[in-house]
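The structure appears right after this line, and notes come after that.
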Amino acid sequence: MFERLLWLAVFVVTVTVSLRCWRRWHRRSYWYVVGYPITAFTVRATWRKVALGCGLTKKRQRFWFTTVPGLVSSTGTVQVKRKFQRVTVDTKPWMGLPLPTRHGWRVTIRTLEGQIPAGYSTAAERLAHSWGVHAVRVSSPRPGRVVLSVTIHDPLVRVDDLPPSPGLLKVTVGRLETGHPWVIDFRTVPHWLNAGATQSGKSNLANALIVGLAPQPVALVGFDLKGGVEFTPYGPRLSALATTRAECSALLDDLVELMTTRMEVCRETGARNIWQLDDHERPVPIVVLVDELAELYLMADKSEKDEIAHASTALLRVAQLGRAFGIYLFCCGQRIGSDLGPGVTALRAQCSGRICHRVNDPETATMTLGDLDPAALVSARAIPSETPGVAIVASQDGQWYRARSFYVSENTAEHAAHSYAHLTPAWADVMVFRAGDTVPDLHAA
Ligand SMILES: Nc1ncnc2c1ncn2[C@@H]1O[C@H](COP(=O)(O)OP(=O)(O)OP(=O)(O)O)[C@@H](O)[C@H]1O
Ligand SMILES: [Mg+2]
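Under UniProt numbering, the residues of the sequence shown are numbered 1 to 445, in order.
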């Protein structure tokens with residue numbers, strides 16, 4: 001008997017240790033093979049209680065067998081009778097089979113009458129606590145259905161290394177909370193606003209873009225209103241760099257002139273944008289990186305008013321018309337608010353890509369993310385300072401995501417800038433382009 005117990009104990013210990021090792025060394029396969037089936041069963045089995053606790057049930061009248069006290073027999077015991085009668089019951093919403101995802105699971109719910117997805121969004125935090133998970137996100141693929149996407153642990157605590165770029169003007173800059181790559185694709189979303197408090201990871205994201213774009217046949221232009229301290233080391237891969245407001249004004253004038261030239265070329269050849277031109281005619285796309293945008297608009301005294309107005313108008317024109325002519329903006333700043341003037345409000349309206357890093361005040365989150373789902377604003381304000389690089393990302397699909405950029409040190413970005421310095425088109429070459437001019441053979445790179 002003792003020997004059997006000993007063997008049983010050895011068996012239990014071996015299995016437990018093996019499972020723990022498996023979970024530690026290959027969490028993903030452990031999740032699919034062991035964790036997910038147990039979770040799916042538990043979630044289904046406890047759904048009535050969870051839905052009731054989170055206020056997602058509805059009261060309905062049903063015929064039900066109930067036990068009611070009947071006659072008292074001669075011995076004094078009460079006879080309990082089963083009776084079929086109409087009673088009020090709590091009905092839970094229908095739940096499909098939870099499907100495993102890389103960081104948790106996803107389940108479809110059929111809403112009960114009178115329920116809307118916003119009701120589930122309100123209950124999301126309660127659901128997360130009931131299931132003991134990091135977060136529950138709610139989406140609605142079609143009327144009457146909501147999909148709950150559950151993440152068990154915060155996948156953004158640690159993100160891996162920057163992978164190679166997936167295509168021209170596309171850079172995988174980080175990872176979304178869903179586990180999918182976070183891709184900034186300038187051809188789909190041409191202009192971006194990147195806001196956040198100091199040390200929240202804005203420049204790190206710009207570094208990731210520089211590393212991703214450096215090997216591509218594109219011209220990079222820097223506006224570094226921090227006096228050049230951020231972008232000067234990347235000079236070898238920048239076709240132009242402006243570090244003061246006067247330089248910015250001059251460079252913006254160049255960009256507007258270039259845009260006009262490209263416009264003429266497109267008109268002459270009957271193209272609506274540079275992507276409709278033949279490969280050998282197409283001018284090089286330009287990505288404009290702006291750091292500390294607010295400095296461009298801040299006025300110390302009245303004498304600067306005209307200069308600011310000039311720069312602001314030129315930047316706005318680039319934002320309005322640049323997309324068709326291959327000029328894309330990526331603007332970083334701590335504050336991008338209307339207090340900086342009407343120019344910045346108009347610029348903000350042109351930037352459909354929005355990134356909001358950790359913020360100190362709710363206004364900055366609202367200004368950056370606009371009137372997105374209030375849950376996005378709450379999420380932006382809840383980003384802890386221990387995880388720089390975590391941001392709320394909103395782009396044209398109307399959805400918002402929590403994401404974290406890959407850590408890209410200044411050294412890595414500087415190394416990329418030096419390694420691909422030979423791909424840097426000279427600003428003079430970029431400017432002289434007209435149809436019939438010799439186009440620098442950047443596409444072959
Ligand atoms: N994705 C990330 N992963 C890990 N660490 C990061 C990440 N992003 C930024 N950091 C760390 O946070 C620090 C601050 O980042 P960064 O310089 O990008 O902030 P910032 O928002 O540009 O600040 P400032 O407004 O002062 O320029 C970096 O030195 C880096 O160590
Ligand atoms: Mg910075």
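For each residue, glycine too, the CB sits at the ideal point set by N, CA and C.
Quantities reported herein were computed from a predicted structural model and do not represent experimental measurements.
Thr91 is bridged by DSSP to Lys58.
In this structure, the beta-carbon distance from Arg82 to Phe63 does not fall below 8 Å.
In the structure shown, Ile152 falls within a coil segment according to DSSP collapsed to helix, strand and coil.
Residue side-chain check: Ser405 places its Cβ nearer than 7 Å to a non-hydrogen atom of ligand 1. Annotation for Lys202: Asn194, Gly196, Cys332, His357 place their beta carbon closer than 7 Å to its own, counting only its chain and skipping 5 residues before and after. Within the DSSP bridge table, the entry for His191 names Leu329 as partners. The beta-carbon separation of Ala123 and Gly55, rounded to 6 Å, stays under the 8 Å limit for a contact.
Per DSSP, reduced to three states, the secondary structure at Arg402 is strand. Using a Cβ distance threshold of 8 Å, Ala421 and Pro236 count as a contacting pair. Beta-bridge analysis with DSSP links Lys83 to Thr66. Pro388 is positioned such that its CB atom lies closer than 8 Å to that of Ser200. If you check the C-beta of Asp429 against ligand 2, you find no heavy atom less than 7 Å away. The beta-carbon distance between Arg142 and Pro155, rounded to whole angstroms, is 27 Å. This is too long to meet the 8 Å contact definition. Shown here for Arg86: same chain residues with a beta carbon closer than 8 Å to its own, the five before and five after excluded, namely Gln61, Arg62, Phe63, Trp64 in chain order. By the CB criterion at 8 Å, Gln350 and Ala319 fall inside the cutoff. Annotation for His180 indicates a beta carbon at 7 Å or more from all heavy atoms of ligand 1. For Gly353, the enclosing beta strand (DSSP E) covers residues 353-356. If you check the C-beta of Ser203 against ligand 1, you find a heavy atom less than 7 Å away. In this structure, Gln199 has its beta carbon less than 7 Å from a heavy atom of ligand 1. The distance from the Cβ of Ala417 to that of Ile210 is about 6 Å, consistent with a contact at the 8 Å cut-off.
Going by DSSP, Lys305 is part of no beta strand (DSSP E) but of the alpha helix (DSSP H) stretching over 305-321. Contact check for Leu205 against Asp185 fails: the beta carbons are separated by 8 Å or more. Taking each of Trp427, Thr91, Ala135, Gly144 in turn and checking the Cα distance to Ile109, the smallest one comes out for Gly144.
Boundaries cannot be given for Pro141, as no beta strand (DSSP E) includes it and DSSP labels it neither H nor E.
Judged by DSSP secondary structure, Phe223 falls within the beta strand (DSSP E) whose first and last residues are 219-224. In this structure, Met95 keeps its C-beta atom at 8 Å or more from the C-beta atom of Trp131. Residue pairing of Ile392 in beta bridges, as defined by DSSP: Cys356, Arg402. The residue from Thr14, Phe325, Gly222 with its alpha-carbon nearest to that of Cys266 is Phe325. Around the beta carbon of Trp105, a 10 Å sphere encloses 16 or more other beta carbons of the protein chains shown; the residue is thus reported as buried. Separation of Lys226 and Asn411 (C-alpha to C-alpha, rounded to the nearest whole angstrom) is 18 Å. Val229 and Arg20 have their C-alpha atoms spaced approximately 48 Å apart. For Thr101, the enclosing beta strand (DSSP E) begins and ends at 99-101. A check of alpha carbon separations from Thr151 across Pro164, Ala246, His129 identifies His129 as the nearest. For Val432, the uninterrupted alpha helix (DSSP H) segment begins and ends at 427-432. Contact between the region 293-305 and the region 253-263 is absent: fewer than 3 CB-CB pairs across the two stretches fall below 8 Å. Excluding five sequence positions before and after Ser239, the CB atoms of its chain that fall closer than 8 Å to its own CB belong to Ala219, Leu220, Val221, Ile286, Thr424, Pro425, Ala426, Trp427, Val430, given in chain order.
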